[in-house]
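Accompanying notes for the structure given below.
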Amino acid sequence: MINQLEIPMFIEEALPEMPRELLTSKQNTAYDLLGSLTTFTCKNINDHNYRSVKRAFQIADKLYAKGNGVVKNAVENVFVYSFTRMFNTYPNEKKELLAILPITLYTIYMAQVCHKGC
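Okay, so the sequence shown: first residue is 1 according to full-length UniProt numbering, each after it adds one.
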């Protein structure tokens, strides 16, 4: 299982183009690190760099699959929670984003949306 201390190394190996300063902060909690991954993802959506966006989605998906409880919660409550904002900020890109979104993350997102709306 991946714990929060292993997240920076995991992301750095899988996504070397992510700026190092996003992975090094005074507080390297799982939530901060997933926030940095979200920032990176949004920047690449804005730049229409879907290859990097897809890799960021895949990294979050792997973190969710292999992470401990803290890591899973961070993926759900920071990364996946940001999807609504991503889709609203980039409405023209929503279809493209949904096409590259891993099914696990999409399922979590739909559960959040349906639960919030019930």
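Every residue gets a Cβ at the ideal spot worked out from N, C-alpha and C, and that includes glycine.
Excluding the five sequence neighbours on either side, which residues of its own chain have a C-beta within less than 7 angstroms of the C-beta of residue i, listed in chain order?
i: Phe79; result: Leu34, Leu37, Thr38 and Ala60
i: Thr29; result: Gln4
i: Lys94; result: Phe87
i: Cys118; result: Low confidence applies here, because Cys118 scores a pLDDT of 49, under 50, leaving its location unreliable and the question unanswered by this model.
May I ask whether a heavy atom of the ligand FMN can be found less than 7 angstroms away from the beta carbon of residue i?
i: Thr107; result: Only the bare structure without any ligand can be found here, which leaves the ligand FMN out of the picture.
Is it true that the CB of residue j sits closer than 8 angstroms to the CB of residue i?
i: Asn44; j: Ser52; result: yes
i: Phe57; j: Leu105; result: yes
Between the options, which lies nearest to residue i when the distance is taken from Cα to Cα?
i: Met1; options: Leu15, Gly67 and Leu97; result: Gly67
i: Ile100; options: Phe83, Tyr50 and Ala30; result: Tyr50
i: Lys54; options: Ile103, His115 and Ile108; result: Ile103
i: Tyr90; options: His48, Asp32, Pro16 and Phe10; result: His48
i: Phe10; options: Thr107, His115 and Lys62; result: Lys62
i: Tyr31; options: Pro8, Thr107, Met18 and Ile108; result: Pro8
Report back the beta-carbon spacing between residue i and residue j to the nearest angstrom; my notes put them in contact at under 8 angstroms.
i: Leu23; j: Glu12; result: 6 angstroms
i: Val70; j: Gln4; result: 5 angstroms
i: Lys72; j: Tyr81; result: Actually they do not touch by this definition, with Cβ atoms about 13 angstroms apart.
i: Met86; j: Leu97; result: 7 angstroms
Just grab the DSSP bridge partners of residue i for me.
i: Ile2; result: Gly67
Here's a check: name, in chain order, each residue in its chain whose Cβ is nearer than 6 angstroms to the Cβ of residue i, leaving out the five neighbours to either side.
i: Ala14; result: Ile59
Quick one: residues in its chain with C-beta nearer than 8 angstroms to the C-beta of residue i, no 5 flanking neighbours on either side, listed in chain order?
i: Val113; result: Thr84
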